[in-house]
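**Student:** Dropping a structure here in structure tokens format, bear with me for questions.
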Amino acid sequence: MRLALAEAKACASSHDVPVGAVVVQEGAVIARGRNRREADQDPCAHAELLALRQAAAELGTWRLNGLTLYSTLEPCAMCAGALVLARISQLVYATDDRKAGAAGSVLNLLQHPSLNHQVNIRKGVLAEEAAGLLHDFFQSLRAAGEK
Numbered sequence: 088m089r090l091a092l093a094e095a096k097a098c099a100s101s102h103d104v105p106v107g108a109v110v111v112q113e114g115a116v117i118a119r120g121r122n123r124r125e126a127d128q129d130p131c132a133h134a135e136l137l138a139l140r141q142a143a144a145e146l147g148t149w150r151l152n153g154l155t156l157y158s159t160l161e162p163c164a165m166c167a168g169a170l171v172l173a174r175i176s177q178l179v180y181a182t183d184d185r186k187a188g189a190a191g192s193v194l195n196l197l198q199h200p201s202l203n204h205q206v207n208i209r210k211g212v213l214a215e216e217a218a219g220l221l222h223d224f225f226q227s228l229r230a231a232g233e234k
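For the sequence shown, my numbering assigns the number 88 to the initial residue and increments by one for each residue that follows.
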């Protein structure tokens, strides 16, 4: 999770919401991602999706069975759907997203019984640090008069 937090902190230069993700296979990091929506002007450039793409390229397969994705923020519905479709085995995330979280806060897409794959979820790892990054980011936007 500390590596995911480092990715989140690196978002500062692009003014993206500070979210980072890493994909781990048997204890080794094989992919990293950070939010790049602002940097790339791409609505799909979420940290989790970028990390999944990199992991698939690294392994040469879209089937990411047995891998764990660490994220500093609970994934949204788009990212949760991608985790299911990629067949990620486990998600470990830091802080809840009470407005858009799809790992239990708003809905639980990752463990929906109608889907062909369910993802194990562990939450709350380094939650205060991740929440602090987000709080500081949005506070600075408000102070600057941005929405």
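Beta carbons: idealized from backbone N, C-alpha and C, even for Gly.
Which one or two residues does DSSP pair with residue 186 in a beta bridge?
**Tutor:** DSSP lists no partner for residue 186.
**Student:** Using a Cβ-Cβ distance cut-off of 8 Å, determine whether residue 179 contacts chain D.
**Tutor:** You won't find chain D in this structure, because it holds only one protein chain.
**Student:** Are there 16 or more other CB atoms within 10 angstroms of the CB of residue 234, so buried, or fewer, so exposed?
**Tutor:** With a pLDDT of 49 at residue 234, under the threshold of 50, the predicted position of this residue should be treated as unreliable, though the coordinate-derived value follows. Residue 234 is exposed by the Cβ-count criterion.
**Student:** Go to residue 168, then tell me how far its alpha helix (DSSP H) extends in each direction, as first and last residue.
**Tutor:** Where residue 168 is concerned, the enclosing alpha helix (DSSP H) stretches over 164-173.
**Student:** Going by C-alpha distance, which of 145, 97, 157 and 106 is nearest residue 176?
**Tutor:** Among 145, 97, 157 and 106, the Cα nearest to that of residue 176 is on 157.
**Student:** Terminal residues of the continuous alpha helix (DSSP H) containing residue 100?
**Tutor:** Taken as a continuous stretch (DSSP letters only), residue 100 belongs to no alpha helix (DSSP H), as it is neither H nor E.
**Student:** Assign residue 234 to one of three DSSP states: helix, strand, or coil.
**Tutor:** Residue placement at residue 234 cannot be trusted, given a pLDDT of 49 that sits under 50; what the coordinates show is reported in the next sentence. DSSP places residue 234 in coil when its eight states are reduced to three.
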